[in-house]
Amino acid sequence: MDGTMMDYPLTLPSILERAGKLFGKVEIVSRLPDKSLHRCTYADVHRRSRQLAAALQQAGLKRGERVATMMWNSYVHLEAYFGVPVSGGVLHTLNFRLHADDIAYIANHAEDRFIIVDDVLLPLFEQVRDRLEIERVFVAALSGKPVPEGYENYETFLEGAPDNFAYPDLDENEACGMCYTSGTTGRSKGVVYSHRAMVLHSLAECMTDCAALSQKDTVMPVVPMFHANAWGLPYATALVGAKTIMPGPHLDADSLLDLCEREQVTLAAGVPTIWFGILNALDENPGARKLHPKLRTLVGGSAAPEAMIRGFDKHGVHTIQAWGMTEMTPLGTVSTLKGYLEALPEDEQYALRAKQGLPVPFVEARVVDEKGEAPWDGETMGELQVRGPWVAASYHNAEAGAEDKWTDDGWFGTGDVVTIDAEGYVKITDRTKDLIKSGGEWISSVDLENALMGHPGVKEAAVIAVAHPKWQERPLAVVVAKEGAEVTPEALADHLAATFAKWWVPEAPAGYVFIEEIPRTSAGKFLKSALRERFSDFQWPE
Ligand code: AMP
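Just so we're aligned, residue 0 is where the sequence shown starts under numbering that gives the first Met the number 0, counting upward by one.
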């Protein structure tokens, strides 16, 4: 058939132009290293991003070449989010929390040509500088101190930009960004995002049953901009023209609550670790903070325990759980209730909200076990496989074997073990490697952890599989008690026995060990591989 619609590319310049033209007065507030607040607007972001793009082109950046960032969340990072891709380059957000060896490997593997670094992160950068094949280093002097010798000043680089910038003719399937997985095992792998994926992801994220982003929102991405595009929020927020709050390097509960109160944040997004801290602070001083009455939080990266969702409800803060992966730009599922499910008894509603949620539009999901595609009965566990327009089709220059993650019929294997219920709610029960197989039956470590963290004396808990002479594996609960709380293995076993089959519950006392702190990945997730190693010689009593 002839004559349908225009062939209009889905690219990031459209988002930047819209933000600049329609929402020029809306503010971007950044917390600087010295804790002062920097204020600018989308008009500034629009102007300065285009300046950055022009400067990069003048510096010889070619289409598809990588520009890395080593930065906290700030207005300068937002400029890079737009300036690099609209110049035709690819923004590679480096995770500076990784080990120096990994950072060097990743930056060289990605062939980063230029890098923009926060001056407060220069000590970290210097640990890897000699090992990098980077041509030019631009330093953003957000701390207010002079840029040290041997580095170029980011502001000077911008000022030198020609003022006749015109967007290149970008194809929507060209690369715009890049991020390496922060996997708990093996080498990080590079995921390359296209303009099209980013634009469609932004639209989906704004939908009411996802993050429900509106121009009227004030959005604070606490999730770092080097972790899975800060969940796509910088682009989604600019798309609707919402005010944005960038917390910079200050991620402690008090600093974040201070920003929430001062700027009347309506949506804040981050990993559960951040929210545990904030919930504790709220519990200690209920009502002390005058938060926006409609403050909601988007929580993901690891499971948001039901106890946390309930805890925040008591303070009038609504928790929305989302699940995603670096390979998925990252949004995959969001746990909002369907209207008719709000008629369920309260406990059932909480149980649903503690699931990872419904696949967002255009993300298709299926569960696959040894027998093939499993039914959506809420019980049959299998690997979650997905496909969709913002799911990676491969890794960047991957080592042999990485293609195993994709099935012959075109789905991506997430490595997450899930059930899907008849309503379509996905529930993560484990990572494939974290499942516990006891006497031939699977036990979900995540379920046990969430229940343990619902005990009033428990601050954090991780459950790992430990080899057992009779049962092959049994669960070992590694527990961090709350300060001053007296928790015994017997009390925890009783607490778990109220919810789980007897064979799921770690035996008291041997199945419980108390430690000071659970080791974490650079993204704040429990590093279970480290725990497994630590307890690899663990002996069950005869
Ligand atoms: P990353 O690519 O670093 O974002 O890690 C993705 C992985 O984090 C997923 O495969 C899950 O194992 C885990 N994850 C992300 N969001 C959640 C969530 N809401 N609940 C449980 N696990 C999650």
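Even glycine gets a Cβ: it sits at the ideal position worked out from N, Cα and C.
Separation of residue j from residue i, as counted between CA atoms
i, j, result
"T318", "P246", "20 Å"
"Y153", "E422", "51 Å"
"T296", "C259", "11 Å"
"I463", "S444", "7 Å"
"M70", "I27", "16 Å"
"K481", "E369", "41 Å"
"R38", "K24", "11 Å"
"Q50", "L383", "43 Å"
"F137", "H108", "20 Å"
"P542", "P223", "With the chain covering only 0 through 541, there is no way to say anything about residue 542."
"Q348", "D312", "13 Å"
"I133", "I277", "39 Å"
"S521", "D1", "52 Å"
"Y150", "M5", "46 Å"
"G377", "K426", "8 Å"
"R195", "G87", "14 Å"
"V367", "A210", "28 Å"
"P488", "E515", "16 Å"
"N172", "A54", "24 Å"
"L351", "G381", "19 Å"
"R65", "I102", "15 Å"
"K354", "I308", "11 Å"
"F537", "P304", "27 Å"
"F534", "V477", "10 Å"
"T328", "K436", "32 Å"
"L77", "V264", "18 Å"
"K524", "T418", "21 Å"
"T183", "S528", "The pLDDT assigned to T183 is 49, lower than 50, so where the model puts this residue is not dependable, and the model offers no usable value."
"A484", "A490", "12 Å"
"F113", "R62", "13 Å"
"A280", "T272", "13 Å"
Buried versus exposed call for residue i [16 or more other C-beta atoms within 10 Å across all chains shown]
i, result
"L343", "exposed"
"N284", "exposed"
"F98", "It is His, not Phe, that sits at residue 98 in the sequence shown. Result: exposed."
"G439", "exposed"
"P220", "buried"
"D216", "buried"
"Y339", "exposed"
"A287", "exposed"
"E289", "Inspection of the sequence shows that residue 289 is occupied by Lys rather than by Glu. Exposed is the call here."
"W74", "Trp is not the amino acid found at residue 74; the sequence shown has Tyr there. With 16 or more other Cβ atoms within 10 Å, it is buried."
"T325", "buried"
"A235", "buried"
"T431", "exposed"
"R47", "buried"
"D429", "buried"
"N72", "buried"
"A399", "exposed"
"T155", "exposed"
Supposed contact pair residue j and residue i - C-beta distance, whole angstroms, cut 8 Å
i, j, result
"V512", "L475", "7 Å"
"G82", "H45", "About 10 Å separates the two Cβ atoms, so there is no contact after all."
"V119", "S142", "5 Å"
"L11", "V198", "7 Å"
"S193", "C175", "6 Å"
"A79", "L90", "6 Å"
Where residue i sits in the DSSP three-state scheme
i, result
"A399", "coil"
"A268", "strand"
"G88", "coil"
"V127", "helix"
"P32", "coil"
"T180", "coil"
"K481", "coil"
"T325", "helix"
"M380", "coil"
"T243", "strand"
"K436", "strand"
"H76", "helix"
"N152", "strand"
"E472", "strand"
"D1", "coil"
"W502", "helix"
"M70", "coil"
heavy atom of the ligand MG below 8 Å from residue i C-beta
i, result
"I427", "Absence of the ligand MG from the depicted structure is noted, with the ligand AMP being the only ligands included."
Q.
Check whether the region 387-396 and the region 432-451 touch, using three or more Cβ-Cβ pairs below 8 Å as the test.
A. At 8 Å Cβ cutoff, the stretches do not touch.
Q) Using 8 Å as the Cβ pair cut-off and three pairs as the minimum, do the region 488-497 and the region 467-474 touch? A) The region 488-497, when compared against the region 467-474, does not touch it at the 8 Å Cβ threshold.
Q) Pairing CB atoms from the region 229-243 with CB atoms from the region 356-367, are three or more of them under 8 Å? A) The region 229-243, when compared against the region 356-367, does not touch it at the 8 Å Cβ threshold.
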